[in-house]
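Chains as they are written, first to last, in my numbering: chain U, 37 to 290; chain D, 44 to 124. Every residue gets a Cβ at the ideal spot worked out from N, C-alpha and C, and that includes glycine. Note that this is a predicted model, so its numbers are computed, not measured. Report on the structure given below.
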């Protein structure tokens, strides 16, 4: 079985428990002074990578990756506290990268760092694009298994991935190298323990910029307007059965 | 003095965290009560048992945090329409 060199890209997003607010200019969601944390689907991918090592698979190293402002380093430290060996941060302060830009960047990272397994969250909970993994698979021309709920790797590099689909499960098999994206029921991510958080501070974190990769990751999409969904209309109450029948007739249901 | 420093509360808030569903006071009182209820223990074995129970509760709390997030995500991403 060949050595596993795993890449786990993570994204720093607004925490799942925060109710997002649209800014006054209706151009984006308010991000200042809002709690951020690691995208929950990315925690699943880290956990899966760490579990492969704990299952005595020949994991050579686990590299965490993130692109974005300086604060992404907190997210990468969390990733290392959960069990990644080292981290790569591509600093980008000006713009928020789009899935295609990230996929192009990841392609370079995969080639540079000689990865043979990439485990990504299926989507991030901020833009919900669900595209990066698929685009990366396309760019690298590697097999992909999206929304994995179970991952097995055997002695001859065959990866078997189970996915939940409508009305059952689907099983995919492919040889390494491979792209896997995670679904919610893949595993239960661990909490980083205090000793591991301390150890993570000493693990190597490399900083690079987009220029180092010589990439054009200009954004192609334009956000026209961001709006909150309309508030939910409350239902009405009826006094008795006659009232209900009258109401149903009024609505044309009878 | 520390008490007059307006940043004191801010620092305190970060240190203690804000993720207490029923507020920090509820958590603090509950925690104190749990420890005070056992403060009279003298027997070694009893204390050992208490420590084990505390570790168990700690695990449970962690599990509840996980469950809370799992449920929120399941509701958002997994509910059949």
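Boundaries of the alpha helix (DSSP H) around residue 116 of chain U: 108 to 118. For residue 40 of chain U, no alpha helix (DSSP H) segment is defined; the enclosing uninterrupted segment is the beta strand (DSSP E) at 40 to 45. Going by beta carbons, residue 103 of chain U and residue 128 of chain U fall inside the 9 Å limit. As the crow flies, the alpha-carbon of residue 223 of chain U is around 33 Å from that of residue 58 of chain U. Counted as a single uninterrupted DSSP element, the stretch harbouring residue 274 of chain U is not any beta strand (DSSP E), since DSSP gives it neither H nor E. The straight-line gap separating the alpha-carbon atoms of residue 153 of chain U and residue 63 of chain D is approximately 38 Å. For residue 80 of chain U, there is no enclosing beta strand (DSSP E); the enclosing alpha helix (DSSP H) covers residues 76 to 90. Measuring C-alpha to C-alpha distances from residue 106 of chain U to each of U/281, U/286 and U/245 identifies U/245 as the nearest.
In the three-state scheme derived from DSSP, where H, G and I count as helix and E and B as strand, residue 93 of chain D is classed as helix.
Neighbours of residue 76 of chain U in chain D, taken as residues at a C-beta separation under 7 Å, are given in chain order as 112 and 116. Taking one beta carbon from each stretch, the stretch 198 to 208 of chain U and the stretch 84 to 102 of chain D have fewer than 3 pairs nearer than 8 Å; the two do not touch. DSSP places residue 194 of chain U inside the beta strand (DSSP E), whose first and last residues are 194 to 201. When 8 Å is used as the limit between beta carbons, residue 105 of chain D is near these residues of chain U: 227, in chain order.
The criterion of a C-beta distance shorter than 9 Å is satisfied by residue 156 of chain U and residue 169 of chain U. For residue 119 of chain D, the nearest beta carbon of chain U is closer than 9 Å to its own beta carbon. The shortest C-alpha to C-alpha distance from residue 220 of chain U to any of U/132, U/161 and U/92 is the one to U/161. Within 9 Å of the CB of residue 230 of chain U, no CB atom of chain D is found; the nearest one sits about 13 Å away. Proximity of chain U to residue 109 of chain D at the Cβ level (cut-off 7 Å) is accounted for by 224, in chain order. Listed in chain order, the non-local C-beta contacts of residue 73 of chain U below 6 Å within the same chain comprise 51, local neighbours out to five positions each way being set aside. Rounded to whole angstroms, the Cβ separation of residue 93 of chain D and residue 76 of chain D is 14 Å, and the two are not in contact under 8 Å.
Secondary structure in the stretch 207 to 249 of chain U: the beta strand (DSSP E) runs of 3 residues or longer, each lying completely within the stretch, are 214 to 218 and 241 to 245 in chain order. At a cut-off of 9 Å between beta-carbon atoms, residue 220 of chain U makes contact with chain D.
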